[in-house]
Amino acid sequence: MGKNSKVNIWVLVTGLAIGIASLVLTAMGNPKNMGFCIACFVRDIAGATGLHQAAVVQYVRPEIIGLILGSFIMSLATKEFKAKAGSSPAVRFILGACVMIGALVFLGCPLRMVIRMGGGDLNAFVGLAGFAIGILIGIFFLKKGFSLKRNYAVTATEGFAMPFSAVLLLVLVIAVPGIFIFSEKGPGSMHAPLFVSLGIALVVGALAQKSRVCMVGGMRDAVMFRDFNLLSGFGVIFVTILIGNIILGNFHGFSTYLQPIAHASQLWNLLGMVIVGWGSVLLGGCPLRQLILSGEGNGDSAVTVFGMLVGAAFAHNFKLAGSAASLAEDGTYSAGGIATTGKVAVAIIFVVLILVSVLNLPKIEKKTK
């Protein structure tokens with residue numbers, strides 16, 4: 034009982050820290066309802082490094098660097114850093130890209146979904162429904178025996194790959210920022226000071242490594258084992274964001290109308306997050322969890338993160354991402370949504386998820402031998 038209570042306390046502390054961090058980062062310059070968003074921030078890094086040309090979403094987000102390094106430092110301190118890899122890396126790369134595209138159709142990862150909910154965005158509640166449906170689909174395949182197989186101990190070089198990449202990116206953005214592309218307008222131009230973002234993310238990354246917080250894992254555990262421990266952390270994030278927004282005067286009630294960097298095309302909000310939930314269950318963790326695992330030496334999660342980076346580039350190079358609702362100068366309202374190319378991509382990704390889910394069932398393997 035004591036051990037479970039201790040773990041639960043770490044989860045609650047992590048949820049509180051993430052909620053406060055999001056409020057602080059937003060107050061200091063990050064876009065509204067986007068204090069922390071793994072999908073959005075990875076997308077911005079993809080833009081800053083020239084992987085996509087969407088001028089309004091290009092910035093090297095220190096939060097991503099800080100999350101990885103915070104996890105790395107904590108795992109070293111607690112002797113939990115373990116270099117391991119070899120669990121279907123190519124499939125994980127593809128799934129990482131699929132999850133990222135789904136998130137950008139919705140315009141946010143599971144973490145931003147909760148942050149948007151706390152900001153009064155009812156569109157995010159639609160996303161939550163889709164996210165839950167996706168997780169239930171993933172659980173169905175888990176119960177049927179789905180597995181990407183085990184990973185193995187590898188050389189330390191493999192485990193240090195992602196932390197080293199994060200340090201290199203940080204050194205470059207500080208020493209030679211001119212090699213990167215930075216947005217002059219739009220969400221990419223909105224950011225808290227670099228070292229403030231980095232410092233806050235280091236703390237959150239360390240806490241997330243210690244607590245194992247993961248919304249996908251939380252919902253999975255709640256459904257499969259009636260264990261609400263991990264899920265409680267996201268409840269704390271929601272309450273913290275909601276109360277914080279009320280105190281700061283940023284909460285104006287619940288609505289679907291003109292929410293910050295969000296659209297009201299509800300079918301695609303739902304389907305985008307179905308992809309995120311389903312794909313994340315197959316991967317064994319949400320985008321935040323993948324970053325944390327990559328920091329503690331998991332090469333498979335590092336491959337997944339690189340897949341997310343490429344998925345973000347695809348989403349903007351081929352117009353797959355959602356477009357936010359807007360109000361023109363003449364008063365014309367657009368609910369936003371996704372283009373035809375995005376709708377086709379969603380359909381293709383569903384086929385990919387079905388194939389990955391079915392082809393990695395034990396009964397299918399026996400038939401093919």
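According to this note's numbering, the sequence shown is numbered sequentially starting from 34.
Beta carbons: idealized from backbone N, C-alpha and C, even for Gly.
Any 3 or more C-beta pairs closer than 8 angstroms across the segment 277 to 288 and the segment 153 to 171: Contact between the segment 277 to 288 and the segment 153 to 171 is present: 3 or more CB-CB pairs across the two stretches fall below 8 angstroms.
Pick from 311, 307, 98 and 364 that is closest to residue 324, judged by C-alpha positions: One-based indexing of the sequence shown puts residue 324 at position 291. Per the Cα distances, 98.
C-beta contact flag for residue 310 and residue 160 at 7 angstroms: The count along the sequence shown starts at 1 and reaches residue 310 at position 277. The count along the sequence shown starts at 1 and reaches residue 160 at position 127. Not closer than 7 angstroms, so no.
Rounding to the nearest angstrom, what Cα-Cα distance links residue 340 and residue 349 in this structure? Reading the sequence shown from its first residue, position 307 is the one you call residue 340. Reading the sequence shown from its first residue, position 316 is the one you call residue 349. Residue 340 and residue 349 have their C-alpha atoms some 14 angstroms from each other.
Short of 8 angstroms in beta carbon distance, which residues of its chain neighbour residue 42, apart from the five on each side in sequence? Order them along the chain. As a working mapping, residue 42 is identified with position 9 in the sequence shown. If we look at residue 42 and ignore the five residues flanking it on each side, it has no Cβ neighbours.
Is the Cβ-Cβ distance between residue 48 and residue 270 less than 7 angstroms? If you number the sequence shown from 1, residue 48 lands on position 15. If you number the sequence shown from 1, residue 270 lands on position 237. Taking 7 angstroms as the Cβ cut-off, residue 48 and residue 270 qualify as a contacting pair.
Going by alpha carbons, who is nearest to residue 395 out of 179, 164 and 197? The residue given as residue 395 occupies position 362 in the sequence shown. Of the candidates 179, 164 and 197, the residue whose Cα lies closest to the Cα of residue 395 is 179.
Cβ-based neighbour list, residue 361, same chain, cut-off 8 angstroms, excluding 5 preceding and 5 following: What you label residue 361 is simply residue 328 of the sequence shown in a count that begins at 1. These residues qualify, in order along the chain: 367.
Are any of the Cβ atoms in chain C nearer than 7 angstroms to that of residue 152? Considering every chain present, this structure includes no chain C. It has just one protein chain.
Alpha helix (DSSP H) runs wholly inside the segment 145 to 232, at least 4 long, in chain order: Qualifying alpha helix (DSSP H) stretches, in chain order: 155 to 176 and 189 to 208.
Below 6 angstroms CB to CB, which residues in the same chain sit around residue 256 once its five sequence neighbours on both sides are set aside? Here residue 256 corresponds to residue number 223 of the sequence shown, with the count starting at 1. Sequence-distant partners of residue 256 (beyond 5 residues in either direction) whose C-beta falls short of 6 angstroms from its own C-beta, in its chain, are 172.
Which residues does DSSP list as the beta-bridge partners of residue 360? Start at 1 with the first residue of the sequence shown, and residue 360 comes out as number 327. DSSP output for residue 360 lists 366 as bridge partner(s).
Counting only the same chain and skipping the five closest in sequence on each side, list residues whose C-beta sits under 6 angstroms from that of residue 240. The count along the sequence shown starts at 1 and reaches residue 240 at position 207. Result list for residue 240: 47 and 50, in chain order.
With a threshold of 8 angstroms on Cβ separation, who are the neighbours of residue 392 within its own chain once the five nearest residues in sequence on each side are excluded? The residue labelled residue 392 in the question sits at position 359 within the sequence shown. So the list is empty, once near-sequence residues are dropped.
If I'm right that residue 120 touches residue 181 with Cβ under 8 angstroms, what's the distance once you round it to whole angstroms? Looking up residue 120 in the sequence shown gives position 87. Looking up residue 181 in the sequence shown gives position 148. Confirmed, about 5 angstroms.
Tell me the residue span of the alpha helix (DSSP H) that contains residue 272. Position 239 of the sequence shown, counted from the start, is the residue given in the question as residue 272. 262 to 281 is the span of the alpha helix (DSSP H), which, as asked, contains residue 272.
Out of 296, 291 and 126, point me to the one whose CA is closest to residue 336's CA. Counted from its first residue, the sequence shown places residue 336 at position 303. It is 126.
Please say whether residue 246 and residue 44 have beta carbons closer to each other than 7 angstroms? The residue labelled residue 44 in the question sits at position 11 within the sequence shown. The residue labelled residue 246 in the question sits at position 213 within the sequence shown. Closer than 7 angstroms, so yes.
What number of angstroms, rounded off, separates the C-alpha of residue 333 from the C-alpha of residue 117? Taking the first residue of the sequence shown as 1, we reach residue 333 at position 300. Taking the first residue of the sequence shown as 1, we reach residue 117 at position 84. Answer to the nearest angstrom: the Cα atoms are 8 angstroms apart.
Buried or exposed (CB count within 10 angstroms, at least 16 for buried), residue 359: As a first step, residue 359 must be located in the sequence shown, where it is residue number 326. Answer is exposed; the Cβ neighbour count stays below 16.
Just to confirm my understanding: we take residue 187, look at its own chain, exclude 5 residues before and 5 after, and list those with CB closer than 8 angstroms. What are they? Residue mapping note: residue 187 aligns to position 154 of the sequence shown, counting from 1. So the qualifying residues of the chain are 116, 117, 118, 119 and 332.
In the DSSP assignment, what are the bridge partners of residue 118? Start at 1 with the first residue of the sequence shown, and residue 118 comes out as number 85. The partner list for residue 118 (beta bridge, DSSP) reads 185.
To the nearest whole angstrom, what separates the beta carbons of residue 139 and residue 96, a pair I think is in contact under 8 angstroms? Within the sequence shown, residue 139 is the residue found at index 106, counting from 1. Within the sequence shown, residue 96 is the residue found at index 63, counting from 1. Actually they are not in contact, since the Cβ atoms of residue 139 and residue 96 sit about 19 angstroms apart, beyond 8 angstroms.
When the Cα of residue 79 is compared with those of 313, 378, 330 and 214, which residue comes out closest? As a position in the sequence shown, residue 79 is number 46, starting the count at 1. For the residues 313, 378, 330 and 214, the minimum Cα distance to residue 79 belongs to 214.
Select from 226, 322 and 134 the residue whose C-alpha is nearest the C-alpha of residue 386. Numbered from its first residue, the sequence shown carries residue 386 at position 353. Minimum Cα distance to residue 386 is reached at 134.
Could you check where the alpha helix (DSSP H) with residue 300 kicks off and where it finishes? To locate residue 300, count along the sequence shown from 1; it is residue 267. Per DSSP, residue 300 belongs to the alpha helix (DSSP H) from 299 to 316.
Would residue 294 and residue 220 qualify as a contact pair, given that the criterion is a beta-carbon distance under 7 angstroms? By one-based count along the sequence shown, residue 294 stands at place 261. By one-based count along the sequence shown, residue 220 stands at place 187. Yes.
Per DSSP, what kind of secondary structure is residue 350 in: helix, strand or coil? As a position in the sequence shown, residue 350 is number 317, starting the count at 1. Correct three-state label for residue 350: helix.
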